[in-house]
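Trainee:
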Amino acid sequence: MEVAPDLLGRTLVRALPDGSRLAGRIVEVEAYEPGDAASHGNRRMTDFNATMFGAPGRLYVYFTYGNHWMMNVVTRPRGDASAVLLRAVEPIDGIPIMEANRGRSLVTDLCSGPGKLTKALAVDKSLDGTDLVRGHDVWIEAGDPVAAEHIAVGIRVGVSVGLDKDWRFVERGSGFLSKGKPGPPSGSRRRRTTT
DNA sequence: CGTTGGATTGGCT
DNA sequence: GCCAATCCAACGC
10 MEVAPDLLGR
20 TLVRALPDGS
30 RLAGRIVEVE
40 AYEPGDAASH
50 GNRRMTDFNA
60 TMFGAPGRLY
70 VYFTYGNHWM
80 MNVVTRPRGD
90 ASAVLLRAVE
100 PIDGIPIMEA
110 NRGRSLVTDL
120 CSGPGKLTKA
130 LAVDKSLDGT
140 DLVRGHDVWI
150 EAGDPVAAEH
160 IAVGIRVGVS
170 VGLDKDWRFV
180 ERGSGFLSKG
190 KPGPPSGSRR
200 RRTTT
């Protein structure tokens, strides 16, 4: 939680096997803490979320909703199971490649959401556990920190519990934020097979 | 062992 | 506005 706002403004870099460099400025994150009902870390440790329990400074990648990867930064020491979800970045380098990955050319729509971000940067489970400080596939650079007065906070997006926590941090006024609406999903639109 | 629901997105009605 | 895509773990029987 303490480091989540600090990640805003930093540069997320992804180096592809062919040497291409993709980079973006982090503009939206959410914190997930130990004991947080909305966090995977609140459940038992499995292969699915093991990275979250591991060493800090690593990349935690997981799959959800059947077809979307999410990328997180593990922030607390081994055993504490916390992470910061990277929800949106402002594209800087390798935009044409991002466009190809996303099948879209609107720059504000390339990385404006957690699932979009991973697709644009070609991030998947194979990068789970990567060291974001020393890694050579994906890492985070210092970038330009966002001043506290330009950071807006709010409740997290897409979760139905833990709404009492203002753990979503965004760069105020950025045009590259996700379109997810904070708070519970608009009704529970989950399919009902039972009659 | 079968069903449900989720840190989502994109496409169709 | 509503639903499908499609994987994993919790929960109910």
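Just so you know, our numbering puts the end of the first sequence at 204, numbered straight through with nothing missing. All residues carry an ideal CB built from backbone N, CA and C; glycine is no exception.
#1: Can you tell me the Cβ-Cβ gap for ASP140 and ARG67, rounded? I've got them flagged as a contact below 8 Å.
#2: Would you mind working out which of GLY171, LEU126, THR117 sits nearest GLY184, comparing C-alpha positions?
#3: Does the structure place the region 17 to 28 close enough to the region 68 to 79 that three or more beta carbon pairs sit under 8 Å?
#4: Could you tell me which uninterrupted beta strand (DSSP E) segments, each at least 3 residues in length, are contained entirely in the region 94 to 174, listed from first to last along the chain?
#5: Please determine if the region 169 to 183 and the region 52 to 66 are in contact, where contact requires at least 3 C-beta pairs separated by less than 8 Å.
#6: Give me the Cα-Cα distance between GLY28 and ILE104, rounded to the nearest whole angstrom.
#7: Does DSSP classify ASN58 as helix, strand or coil?
#8: Grouping DSSP H, G and I as helix and E and B as strand, with all else coil, what is PRO26?
#9: Taking the CB atoms as reference points, tell me whether LEU115 and GLU37 lie closer together than 9 Å.
Mentor: In short:
#1: 6 Å
#2: THR117
#3: Three or more Cβ pairs closer than 8 Å define a contact, and the region 68 to 79 falls short of that threshold against the region 17 to 28.
#4: 147 to 150, 160 to 163
#5: They do not touch, by the three-pair rule.
#6: 14 Å
#7: coil
#8: Correct three-state label for PRO26: coil.
#9: no
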